[in-house]
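Counting from 8, one number per residue, gives the positions in the sequence shown under our numbering. Ideal Cβ positions, reconstructed from N, Cα and C, are used throughout, including at glycine. Single-structure report; data block below.
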Amino acid sequence: MSERFDTVQGSPQVSEAEARRVAEEAREAAWHRPSFGKQLFLGDFQLGLIHPYPEPDPEPDERGRAFCERLAEFCARSVNNAVIENDAKIPDEVVTGLAALGAFGMKIPPEYGGLGLSQLSYNRALTIVSSASPAVGALLSAHQSIGVPQPLALFGTEEQKRSFLPRCARGEISAFLLTEPDVGSDPARLGTMAVPSDDGYVLNGVKLWTTNGVVADLLVVMARVPKGDGHRGGITAFVVEADAEGITVERRNAFLGLRGLENGVTRFYEVRVPAANRIGEEGQGLKIALATLNTGRLSLPATCAAAGKLACKVAREWSQERVQWGRPVGEHEAVAKKIAFIAATAYALETIVDLSSRLADDKRNDIRIEAALAKLYCSEMAWRLADELVQVRGGRGYETAASLAARGERGVPAEQMLRDLRINRIFEGSTEIMHLFIAREAVDAHLAAAGALIEPGIPAADRARAAGKAGAFYGRWLPTLVAGEGLRPGGYAEFGPLAEHLRYVERSSRKLARATFYGMARWQGRLERKQGFLGRIVDIGAELFAMSAVCVRAHDDPAAGLTGELSGQEAGTAAELAAAFCVQARSRAEDLFRQLWRNTDADDVRLARGVLSGRYTWLEEGIIDPSLPGPLVAAAEPGPSKLATVQRHIR
Ligand SMILES: Cc1cc2nc3c(=O)[nH]c(=O)nc-3n(C[C@H](O)[C@H](O)[C@H](O)COP(=O)(O)OP(=O)(O)OC[C@H]3O[C@@H](n4cnc5c(N)ncnc54)[C@H](O)[C@@H]3O)c2cc1C
8 MSERFDTVQG SPQVSEAEAR RVAEEAREAA WHRPSFGKQL FLGDFQLGLI HPYPEPDPEP
68 DERGRAFCER LAEFCARSVN NAVIENDAKI PDEVVTGLAA LGAFGMKIPP EYGGLGLSQL
128 SYNRALTIVS SASPAVGALL SAHQSIGVPQ PLALFGTEEQ KRSFLPRCAR GEISAFLLTE
188 PDVGSDPARL GTMAVPSDDG YVLNGVKLWT TNGVVADLLV VMARVPKGDG HRGGITAFVV
248 EADAEGITVE RRNAFLGLRG LENGVTRFYE VRVPAANRIG EEGQGLKIAL ATLNTGRLSL
308 PATCAAAGKL ACKVAREWSQ ERVQWGRPVG EHEAVAKKIA FIAATAYALE TIVDLSSRLA
368 DDKRNDIRIE AALAKLYCSE MAWRLADELV QVRGGRGYET AASLAARGER GVPAEQMLRD
428 LRINRIFEGS TEIMHLFIAR EAVDAHLAAA GALIEPGIPA ADRARAAGKA GAFYGRWLPT
488 LVAGEGLRPG GYAEFGPLAE HLRYVERSSR KLARATFYGM ARWQGRLERK QGFLGRIVDI
548 GAELFAMSAV CVRAHDDPAA GLTGELSGQE AGTAAELAAA FCVQARSRAE DLFRQLWRNT
608 DADDVRLARG VLSGRYTWLE EGIIDPSLPG PLVAAAEPGP SKLATVQRHI R
């Protein structure tokens, strides 16, 4: 990339093509292990990759369960959500108590002082903590899903692991610093510089929205190394001591939700970082960030699963007790439909996290698509679910828990749930970016086969060669999309009443692949701009993944009753939830299939252009804009801080 810099922000000016190239370079191109998600988008429904439901190793699983019990006891006793909400702060004793339990080293291997829990146990633990307080869940997850432990586990040297991991495991808090005022979804604009010096690098720049940044001891910082003699340069990851000279945490930010989050603005001025603290090679920073997120992305769905379970409990208790118009509100059809959605979705969210975690642990599969689908789907569905819960609770859904309690009612934090969950659709890859990320993988086989064909300006000879290659691929592939197990009336019979849903998934996987092909053929190189179309392709894939997950889980769940192992009240209940979810998901998928070809996308783009050009500003007249004055994106000039630090350590 040519290095031109904005004068004010210090961020490079980056064209759309350059931004895309940076993202493409960071992408892990190779597939070394099978991927259920990748095949699903190719119309090849490989149920065998997720069925039978992967069983965890008994010994670590037992250790994980024992830890989760201790953690649940601690949370029930010591984590007070109402206090955290009221004070907008997690009490230090909660942090030190969690550290004493080992909760800051859940995924760190025992040889480095951690508990060495599996992904499955880690996510179960996060579900417990997040149900008690989403802010505490976010603290632990930012620390070890994206903070120092995860990138070091994947890319750190033995020496780095030995010097940093035991500290993280003991409870020294870590944070991950990528975002800047001018860098959100587009890391190519990264402006923080790491200039090589005699013994390492010198960091200058400003990082925004650093979760845990206010109380962190160790930071993972993404900075740009300039190209030079002996330096390949590029975006690079570093471990940085949070109280190194030249670091100022200038602010603690406040948000719609997650009030307990210790999220800051961190300024680096002439901060010296030893070369030994560089993670991986120069220029590998974004690759490291993406690989970190491959499994790191599963923690956020775990917090969504917690919200699903709580919503289910609250909806049940409230809707049977609250009587209006002569019946419990849960018996009115409009409310009943919401309860059915909440229950079925809660089952699916837990299942997606559970299955993806088991797949991550057994390491037979490449789970980057499943983890991304889990992040996308769980964050979107948990938001809808919380919104429906607020509606079911009526006015009490909108009232804060503290206000309810002050009036002598149960302080149900439904509105808090909605506020806390909203960020999940934005951070760790916004929904729009996840759509693009997954769509890129979904069309990868097409790009490999026909990419050269759709490139503009390609010479005639190369075009003919590319056409031959594409013809060979599609000649082999398209016939596989015509028929499959989903068309056989007895297909997937071992799944009993759930078999019809798997047959639907199999048929729909082929239909989805055909639609992707039609999209490629119709729009060719312009397909990447058809974000409405691509988003729906991904959303259909997510529904199919979720349906497959609930079917395989219910099949092996004693409560499903499919294998006749359980009698009594619980028999058949998992299969009921799985079937209900599949019917709902199928209806959503069918809507999406229809909208692939009948939609308002092109009209919307045209209208949005008109809005952006100011064509309709008359519509905005007659109101008072209560926003406080200031630029929409503040300039973050590098240099010494003019503010006192708000950084503090919890020891
Ligand atoms: C509470 C909180 C905690 C956070 N914690 C951290 C942290 O610990 N570490 C860290 O580094 N960052 C953190 N972030 C930053 C977070 O990851 C970013 O907010 C997120 O990446 C989105 O970037 P942005 O807000 O700048 O949105 P922008 O990139 O400005 O995007 C604005 C909108 O445009 C959409 N958009 C952008 N590009 C495209 C595109 N190419 N196609 C389609 N749509 C697009 C986005 O999806 C979004 O809807 C945090 C943010 C918050 C609010």
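- Here TRP325 is buried: its Cβ has 16 or more other Cβ atoms, across all protein chains shown, within 10 Å.
- Listed as beta-bridge partners of VAL247 by DSSP are LEU226.
- Per DSSP, ASN270 is one residue of the beta strand (DSSP E) stretching across 270 to 281.
- Taken from the Cβ of ASP427, every heavy atom of ligand 1 lies 7 Å or farther away.
- Between the region 118 to 130 and the region 237 to 247 there are fewer than three C-beta pairs closer than 8 Å, too few to call the two in contact.
- For VAL256, the enclosing beta strand (DSSP E) covers residues 254 to 259.
- Bridge pairing for ALA182: LEU226 [DSSP].
- In this structure, SER192 has its beta carbon less than 7 Å from a heavy atom of ligand 1.
- If you look at ALA201, you'll find it isn't in any alpha helix (DSSP H); it sits in the beta strand (DSSP E) that goes 200 to 203.
- If you draw a straight line from the Cα of THR407 to the Cα of ASP68, it comes to about 38 Å.
- Taking all protein chains shown into account, GLU269 has 16 or more neighbouring C-beta atoms within 10 Å of its C-beta and is therefore buried.
- Counting C-beta pairs with one atom in each stretch, the region 291 to 309 and the region 25 to 39 have three or more that are closer than 8 Å, which means they touch.
- Taking C-beta separations shorter than 8 Å and ignoring five residues to either side along the sequence, the partners of ARG510 in its chain run GLU492, GLY493, LEU494, ARG495, GLY498 and TYR499, following chain order.
- Under the three-state reduction of DSSP output, THR164 falls in the coil class, being neither helix nor strand.
- Sequence-distant partners of GLU357 (beyond 5 residues in either direction) whose C-beta falls short of 6 Å from its own C-beta, in its chain, are ALA312.
- For LEU108, there is no enclosing beta strand (DSSP E); the enclosing alpha helix (DSSP H) covers residues 99 to 108.
- At a threshold of 7 Å, ALA182 counts as near ligand 1, since its beta carbon sits closer than that to one of the ligand's heavy atoms.
- By the Cβ neighbour-count rule, ARG371 is exposed, with fewer than 16 other Cβ atoms within 10 Å of its own.
- Taken in chain order, the whole alpha helix (DSSP H) runs of length 4 or more contained in the region 275 to 357 are 292 to 303 and 306 to 328.
- Close CB contacts of LYS345 within its chain, under the 6 Å cut and outside five residues either way in sequence, are with GLU395 and VAL399 (chain order).
- Residue state for HIS238 is assigned as strand, using DSSP reduced to three classes.
- Within the model, the alpha-carbon separation for GLU577 versus ASP564 is close to 11 Å.
- Taking C-beta separations shorter than 7 Å and ignoring five residues to either side along the sequence, the partners of CYS82 in its chain run ILE135, VAL136 and ALA139, following chain order.
- Burial check for TYR119: the Cβ neighbour count within 10 Å reaches 16 or more, so the residue is buried.
- Per the coordinates, the alpha-carbon of GLY271 lies some 10 Å from the alpha-carbon of ALA182.
- Considered as a whole, the region 79 to 154 harbours 88 to 94, 99 to 108, 126 to 139 and 141 to 148 as its complete alpha helix (DSSP H) runs of no fewer than 4 residues, in chain order.
- Where LEU626 is concerned, there is no enclosing beta strand (DSSP E), because DSSP gives it neither an H nor an E.
- GLY207 has PRO281 as its beta-bridge partners, per DSSP.
- Take ARG517, set aside five residues on each side of it, and the residues of its chain with a beta-carbon closer than 7 Å to its own are GLY50, LEU488 and GLY491, in chain order.
- When beta bridges are read from the DSSP output, ARG231 appears opposite MET200 and ILE242.
- Shown here, LEU383 sits in a helix according to DSSP, grouped into three states.
- Distances taken from the Cβ of LEU185 to the heavy atoms of ligand 1 include one shorter than 7 Å.
- Ranking GLU288, PHE262 and ALA195 by CA distance to the CA of GLY240 puts GLU288 first.
- For ASP94, the closest C-alpha among the options ALA160, ALA261, ALA230 and THR217 is that of ALA261.
- Within the same chain, Cβ atoms closer than 7 Å to the Cβ of GLU277 are found at VAL209, ASN211 and GLY253, the five residues on either side in sequence being excluded.
- Boundaries of the alpha helix (DSSP H) harbouring THR580: 580 to 604, taken from the DSSP string.
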